[in-house]
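Protein chains: 2
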Amino acid sequence: MMLNTKENMLRAAESLFAQHGFSATSVRMITTEADVNLAAMHYHFGSKEKLIVELFAWRLDPLNRKRLELLDQFEAEAGEEPPALEKILEAFVGPPIRLSRDPERGGALFMRLLGRAFTDPRDRTRQIVYDQFGPVIQRFTPALARALPHLSPEELFWRFHFTVGAMAHTIYTLADEHQLHQLSGGVCHMADVDHTVDRLIPFLSAALRSRSSCPKRSES
Amino acid sequence: MMLNTKENMLRAAESLFAQHGFSATSVRMITTEADVNLAAMHYHFGSKEKLIVELFAWRLDPLNRKRLELLDQFEAEAGEEPPALEKILEAFVGPPIRLSRDPERGGALFMRLLGRAFTDPRDRTRQIVYDQFGPVIQRFTPALARALPHLSPEELFWRFHFTVGAMAHTIYTLADEHQLHQLSGGVCHMADVDHTVDRLIPFLSAALRSRSSCPKRSES
DNA sequence: CCTAGAATAAAACAGTCGTTTGATTTAAAC
DNA sequence: GTTTAAATCAAACGACTGTTTTATTCTAGG
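Line by line, the protein sequences are chains H and A. So the first sequence is residues 1 to 220, counted in this note's numbering. So the second sequence is residues 1 to 220, counted in this note's numbering.
See below:
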């Protein structure tokens, strides 16, 4: 039936795109891996690019919904006060990092794909991700502003920017145990995901809270 | 003469790879942009992949040499003591961020390319970058350990890992003014690079120095 | 049973890919 | 002026690209 064919193709595409990239993965590779006919790809999606769009929506919709749900929940629990900074960060970085360990929902494969899409300035690919990511940023920025009232909007933006970078890089390398082990010189055996979150959130909290913003320049 | 042909191709390849990625950029696009014959590519480099290797070495060698030079210099200035954490970070994140503003040495184009190579799990591409990056990590890890003696090796690795992520993401988006302006909602007009470094280094210093490593888990 | 429409299948479309070939031009050495 | 090697050139190689076409199978609904 149709549902299996479509989902088989999405899963195969996710895996192959994550391994080889968008351009280097051909429609034939996808249909072969999914064990469906070549023409099924254009029948169900219309084109290779539309398949990419559907693939990201398929995975990103639940992920970003979870982030917003958690933030709503933490804000409700906090009442009038802004939630603790750690809670906001948990809602932001927790879901993707935990998702990276859930094979049923894409897991490490999709995380690799996401990391790639962030830096793949391909004509449309990156825009797809930003379209999905925009509402999340617009919701978390004022939440962070309330929790960090001492920061100017510009300072807050930069720190949020650095935060996204630390998260994205962590998610990405978390998807490849071999790479992590290699980079750490064997020190890190990639304990369970909760420990990663427990390290990342204090790291980011300390950085976001720090008051020393622009110290005197040291002449180089 | 040969030197111009080779360099023209490297510059054209850098620009096109940064715009479209490795797979989506054909040899014909490169040779057309460089205004050389199609066969010149295989004559001078042997293959498309060998051109990629030469391209990264061409740009990364001077960059990483600069990082190590700065660290050597700061350590010499500090004598017996370890250099200030801010100095170590300056040596690590300063050169690539400043390079991203130097059009003569690749500038934003190469930074985009570098960001892409980090997440492009293409067969060999990523390995090329890690081969170049490895010695830098091995030199900076003990330097950071001396400046942060209260951190266990594992904790230090994770924090260094997050640091690399914040840097990489910053470098990458710094390469695209439009993207930065869009993400910030117009708040950030991307002031000069020194200001970016001046924001990133205190951000990372506070995060690296913080003592609260693993707070009690909040049940989700 | 029969028929509409959804789904799958095999084959071909024009085009581009990385690479190679063989001939021709350029530049310097003797 | 001849020789030799480096460099450039046009043309072609087979393989693979995304997409389309045409035909066949499957699966309800009447």
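All residues carry an ideal CB built from backbone N, CA and C; glycine is no exception. Values in this document were obtained by computation on a predicted structure and should not be read as measured data.
query	result
Just tell me which of A:W158, A:P103, A:I171, A:M167 has its CA closest to the CA of H:H195.	A:W158
Using 8 Å as the cut-off, can you tell me whether the region 155–171 of chain A makes contact with the region 202–211 of chain A, which would need three or more C-beta pairs spanning the two stretches below that distance?	yes
Measure the alpha-carbon distance for H:E155 versus H:Y130 and round it to whole angstroms.	22 Å
Taking C-beta to C-beta, are A:L63 and A:L99 nearer than 7 Å?	yes
Is it the case that the CB of A:P62 approaches a heavy atom of the ligand PLP more closely than 6 Å?	Looking at this structure, you won't find the ligand PLP or any other ligand, since it has none at all.
Can you grab the Cα-Cα spacing for the pair H:E69 / H:E75, in whole Å?	10 Å
Do you know whose CA, among A:Q132, A:N37, A:F92, lies nearest A:F118's CA?	A:Q132
Among residues of its own chain, excluding the 5 on either side of A:A34, which ones have a beta-carbon nearer than 6 Å to its beta-carbon?	N8, M9, A12
Relative to the alpha-carbon of H:P83, which residue among H:D176, H:H150, H:L144 has its alpha-carbon at the smallest distance?	H:L144
Could you list which residues in chain A have their beta carbon closer than 8 Å to that of H:L204, in chain order?	F162, A207
Between H:T5, H:Q19, H:F203, H:H169, which lies nearest to H:H96 when the distance is taken from Cα to Cα?	Looking at the sequence shown, residue 96 of chain H is not His but Pro. Among H:T5, H:Q19, H:F203, H:H169, the Cα nearest to that of H:P96 belongs to H:H169.
Give the straight-line distance between the Cα atoms of H:G115 and H:M167, rounded to the nearest whole angstrom.	10 Å
Along the chain, where does the alpha helix (DSSP H) containing A:T173 start, and where does it finish?	153–174
Mind listing the chain A neighbours of H:W58? Cutoff is C-beta to C-beta under 7 Å, in chain order.	Correct list: empty, because the minimum Cβ distance to chain A is about 20 Å.
Between the region 7–24 of chain A and chain H, which residues of the former have a C-beta closer than 9 Å to a C-beta of the latter?	A18, Q19, H20, G21, F22, S23, A24
Quick one: grab the DSSP three-state call for A:N37.	coil
So H:I30 and H:M41 are supposed to be a Cβ contact under 8 Å. How far apart are they, rounded?	7 Å
Which residue wins for smallest C-alpha separation from H:Y43, given the options H:K6, H:F17, H:E81?	H:K6
If A:L113 and A:E14 are in contact, beta carbons under 8 Å, what's the gap, nearest whole angstrom?	6 Å
Could you tell me the alpha carbon to alpha carbon distance between H:L16 and H:S23, rounded to whole angstroms?	11 Å
Can you tell me the Cα-Cα spacing of A:C214 and H:D198, whole angstroms?	The predicted position of A:C214 is uncertain, since its pLDDT is 49 and thus under 50; no value can be drawn from it.
By DSSP, does A:D194 sit in helix, in strand, or in coil?	helix
Would you say A:A166 lies against chain H (beta-carbon separation less than 7 Å)?	yes
Suppose the cutoff is 8 Å on Cβ atoms and the five residues either side in sequence are ignored; what does the same chain contact list for H:E219 look like?	With a pLDDT of only 39 at H:E219, under the threshold of 50, the placement of this residue in the model should not be trusted, and no figure is reported.
Determine the closest residue to A:G107 out of A:T32, A:S26, A:I171, A:H20, with distance taken between C-alpha atoms.	A:I171
State the Cα-Cα distance for the pair A:R146 and A:L200, rounded to the nearest angstrom.	21 Å
Which residue from A:A175, A:Q19, A:F110 puts its Cα closest to that of A:W58?	A:F110
Have a look at H:D72, H:F56, H:K66 and flag the residue whose alpha-carbon is nearest the alpha-carbon of H:P142.	H:D72
Using a Cβ-Cβ distance under 7 Å, would H:S210 count as near chain A?	yes
Say whether chain H places a C-beta atom closer than 7 Å to the C-beta of A:R199.	yes
Can you round the beta-carbon distance between A:V27 and A:K48 to whole angstroms, since I take them to be within the 8 Å contact cut?	6 Å
Report the neighbours of H:R228 on chain A: residues whose CB is nearer than 7 Å to its CB, in chain order.	Because residue 228 of chain H is not part of the residues shown, which for chain H are 1 to 220, the question remains open.
Quick one: what's got a C-beta closer than 7 Å to A:L55's C-beta in the same chain, skipping five residues either side?	L10, A13, E14
At the 7 Å Cβ level, is A:T170 part of the contact set with chain H, yes or no?	yes
Would you kindly work out how many angstroms separate the C-alpha atoms of H:G186 and H:T125, rounded to a whole number?	35 Å
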